[in-house]
Amino acid sequence: MIESIKPVRVDSWLWAVRIYKTRSAATTACRAGHVRVNGERTKAAQTVKPGDEVRVRISGFDRILAVRQTLSKRVGAPVAVTAYDDRTPPREPVAMVAVRDRGAGRPTKRERRDIDRLRGRDEQSD
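Note that the sequence shown covers residues 77 to 202 in this note's numbering.
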(Lines of atoms letter the chains of each structure in order from A and count residues from 1; the text may use other names and numbers.)
(Lines give C-alpha, C1' and ligand atoms only; values in the text may rest on other atoms or scores of the structure.)
Protein backbone atom coordinates (compact mmCIF):
# COMPACT_ATOMS: atom_id res chain seq x y z
CA MET A 1 0.00 0.00 0.00
CA ILE A 2 1.35 3.41 -0.97
CA GLU A 3 0.63 5.69 1.96
CA SER A 4 1.94 9.17 2.48
CA ILE A 5 1.34 12.24 4.55
CA LYS A 6 2.65 14.76 2.03
CA PRO A 7 0.11 16.77 0.02
CA VAL A 8 -1.05 15.40 -3.35
CA ARG A 9 -2.81 17.06 -6.30
CA VAL A 10 -6.58 16.83 -5.96
CA ASP A 11 -7.09 15.40 -9.47
CA SER A 12 -4.46 12.73 -8.84
CA TRP A 13 -6.04 11.84 -5.48
CA LEU A 14 -9.56 11.57 -6.95
CA TRP A 15 -8.22 9.23 -9.63
CA ALA A 16 -6.15 7.21 -7.12
CA VAL A 17 -9.14 6.56 -4.82
CA ARG A 18 -11.29 5.58 -7.81
CA ILE A 19 -13.82 8.42 -7.80
CA TYR A 20 -13.03 8.99 -11.50
CA LYS A 21 -11.96 6.36 -14.04
CA THR A 22 -9.20 8.52 -15.53
CA ARG A 23 -7.04 11.34 -14.26
CA SER A 24 -8.08 13.47 -17.22
CA ALA A 25 -11.75 13.03 -16.19
CA ALA A 26 -10.84 14.26 -12.70
CA THR A 27 -8.98 17.23 -14.21
CA THR A 28 -11.98 18.07 -16.40
CA ALA A 29 -14.29 17.96 -13.38
CA CYS A 30 -11.99 20.36 -11.52
CA ARG A 31 -11.96 22.76 -14.47
CA ALA A 32 -15.77 22.61 -14.69
CA GLY A 33 -16.10 23.55 -11.02
CA HIS A 34 -17.48 20.21 -9.85
CA VAL A 35 -14.79 19.71 -7.20
CA ARG A 36 -14.49 21.73 -3.99
CA VAL A 37 -11.84 21.41 -1.31
CA ASN A 38 -12.84 22.79 2.10
CA GLY A 39 -15.81 24.59 0.52
CA GLU A 40 -13.92 26.41 -2.26
CA ARG A 41 -13.73 25.58 -5.96
CA THR A 42 -10.37 24.23 -6.91
CA LYS A 43 -8.03 23.86 -9.80
CA ALA A 44 -6.66 20.42 -10.60
CA ALA A 45 -3.21 21.30 -9.23
CA GLN A 46 -4.43 22.24 -5.74
CA THR A 47 -3.14 19.90 -3.09
CA VAL A 48 -5.09 17.92 -0.53
CA LYS A 49 -3.82 16.55 2.77
CA PRO A 50 -5.34 14.37 5.48
CA GLY A 51 -8.19 16.19 7.21
CA ASP A 52 -9.40 18.09 4.12
CA GLU A 53 -13.00 17.82 2.95
CA VAL A 54 -13.53 17.19 -0.77
CA ARG A 55 -16.95 17.67 -2.37
CA VAL A 56 -17.41 16.08 -5.79
CA ARG A 57 -20.50 16.54 -7.97
CA ILE A 58 -21.22 13.34 -9.90
CA SER A 59 -24.44 12.70 -11.82
CA GLY A 60 -26.11 15.72 -10.25
CA PHE A 61 -25.38 14.66 -6.66
CA ASP A 62 -22.63 15.77 -4.29
CA ARG A 63 -20.34 13.25 -2.63
CA ILE A 64 -18.65 14.50 0.51
CA LEU A 65 -15.31 12.84 1.22
CA ALA A 66 -12.94 13.45 4.12
CA VAL A 67 -9.32 12.70 3.22
CA ARG A 68 -7.76 10.12 5.55
CA GLN A 69 -4.57 9.49 3.62
CA THR A 70 -3.07 10.83 0.43
CA LEU A 71 -2.42 8.50 -2.46
CA SER A 72 -0.63 9.45 -5.64
CA LYS A 73 -0.82 6.08 -7.40
CA ARG A 74 -4.02 4.23 -8.25
CA VAL A 75 -4.72 1.37 -5.86
CA GLY A 76 -7.22 -1.46 -5.65
CA ALA A 77 -10.80 -0.77 -4.59
CA PRO A 78 -10.50 -2.26 -1.06
CA VAL A 79 -7.45 -0.08 -0.34
CA ALA A 80 -8.98 2.99 -1.99
CA VAL A 81 -12.00 2.91 0.32
CA THR A 82 -9.71 3.21 3.36
CA ALA A 83 -8.18 6.44 2.02
CA TYR A 84 -11.31 8.51 2.71
CA ASP A 85 -14.40 8.74 4.90
CA ASP A 86 -17.60 8.99 2.88
CA ARG A 87 -19.78 11.58 4.66
CA THR A 88 -22.38 11.79 1.93
CA PRO A 89 -25.90 11.94 3.35
CA PRO A 90 -28.23 9.21 2.06
CA ARG A 91 -30.23 10.13 -1.03
CA GLU A 92 -33.99 10.28 -1.02
CA PRO A 93 -35.50 7.45 -3.03
CA VAL A 94 -36.68 8.58 -6.45
CA ALA A 95 -40.06 7.28 -7.57
CA MET A 96 -40.08 5.46 -10.87
CA VAL A 97 -42.19 7.06 -13.56
CA ALA A 98 -43.71 5.20 -16.46
CA VAL A 99 -42.53 6.80 -19.69
CA ARG A 100 -43.91 5.94 -23.09
CA ASP A 101 -42.27 6.86 -26.37
CA ARG A 102 -43.96 9.64 -28.24
CA GLY A 103 -46.05 8.24 -31.06
CA ALA A 104 -46.19 4.76 -29.53
CA GLY A 105 -49.97 4.84 -29.61
CA ARG A 106 -52.44 3.86 -26.98
CA PRO A 107 -51.18 1.39 -24.36
CA THR A 108 -52.47 -2.16 -24.56
CA LYS A 109 -54.43 -3.69 -21.71
CA ARG A 110 -51.28 -5.47 -20.46
CA GLU A 111 -49.25 -2.24 -20.63
CA ARG A 112 -51.96 -0.33 -18.74
CA ARG A 113 -51.93 -2.96 -15.99
CA ASP A 114 -48.13 -2.75 -15.79
CA ILE A 115 -48.29 1.05 -15.56
CA ASP A 116 -50.93 0.86 -12.82
CA ARG A 117 -48.85 -1.69 -10.90
CA LEU A 118 -45.79 0.58 -11.22
CA ARG A 119 -47.73 3.56 -9.91
CA GLY A 120 -49.04 1.54 -6.99
CA ARG A 121 -52.62 1.32 -8.16
CA ASP A 122 -53.79 -2.26 -8.14
CA GLU A 123 -56.97 -3.18 -9.92
CA GLN A 124 -58.18 -5.25 -6.93
CA SER A 125 -58.41 -2.14 -4.69
CA ASP A 126 -60.74 -0.31 -7.13
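Beta carbons: idealized from backbone N, C-alpha and C, even for Gly.
Quiz item: What is the C-beta distance between ALA92 and LEU141, in whole angstroms, given that I count them as a contact (C-beta under 8 Å)?
Solution: About 12 Å; that fails the 8 Å criterion.
Quiz item: Do you know how far the Cα of PHE137 is from the Cα of ILE191?
Solution: Answer to the nearest angstrom: the Cα atoms are 28 Å apart.
Quiz item: Count the other CB atoms within 10 Å of the CB of SER88; is the residue buried (16 or more) or exposed (fewer)?
Solution: SER88 comes out buried.
Exercise. Using three-state DSSP, classify LEU141 as helix, strand or coil.
Key: In the structure shown, LEU141 adopts extended strand secondary structure according to DSSP, grouped into three states.
Quiz item: Which runs of the alpha helix (DSSP H) fall wholly inside the stretch 143–195 and span at least 4 residues, in chain order?
Solution: With a minimum length of 4 residues, the unbroken runs of alpha helix (DSSP H) contained wholly in the stretch 143–195 fall at 153–157, 185–195.
Practice problem: Classify MET118 as buried or exposed, calling it buried when 16 or more other Cβ atoms lie within 10 Å of its own Cβ. | Solution: What sits at residue 118 in the sequence shown is Thr, not Met. Counting the other Cβ atoms within 10 Å of the Cβ of THR118 gives 16 or more, which makes it buried.
Quiz prompt | Residue of ARG131, ARG144, GLU129, SER135 minimising C-alpha distance to LYS82 | solution = Ranking the options by Cα distance to LYS82, first place goes to ARG144.
Quiz item: What whole-angstrom Cβ distance do ALA120 and ARG107 have, given they're in contact under 8 Å?
Solution: Taking a contact as a CB-CB distance under 8 Å, the pair ALA120 and ARG107 counts as one, their CB atoms being some 7 Å apart.
Practice problem: Report the residue from PRO154, ARG85, ARG197 whose alpha carbon sits nearest the alpha carbon of VAL124. | Solution: Distances from the CA of VAL124 to each of PRO154, ARG85, ARG197 were compared; the closest alpha carbon is that of ARG85.
Self-check item: For THR103, the three-state DSSP class (helix, strand or coil)
Solution: In the three-state scheme derived from DSSP, where H, G and I count as helix and E and B as strand, THR103 is classed as helix.
Self-check item: Proximity test, Cβ basis, 8 Å: THR104 and chain C
Solution: Among the chains of the structure shown, chain C does not appear; only one protein chain is present.
Quiz item: Where does the unbroken alpha helix (DSSP H) through VAL86 begin, and where does it stop?
Solution: In this chain, the alpha helix (DSSP H) harbouring VAL86 covers 86–92.
Quiz item: If we count the other Cβ atoms within 10 Å of its Cβ and call it buried at 16 or more, is LEU90 buried or exposed?
Solution: Around the beta carbon of LEU90, 16 or more other beta carbons lie within 10 angstroms, which makes this residue buried.
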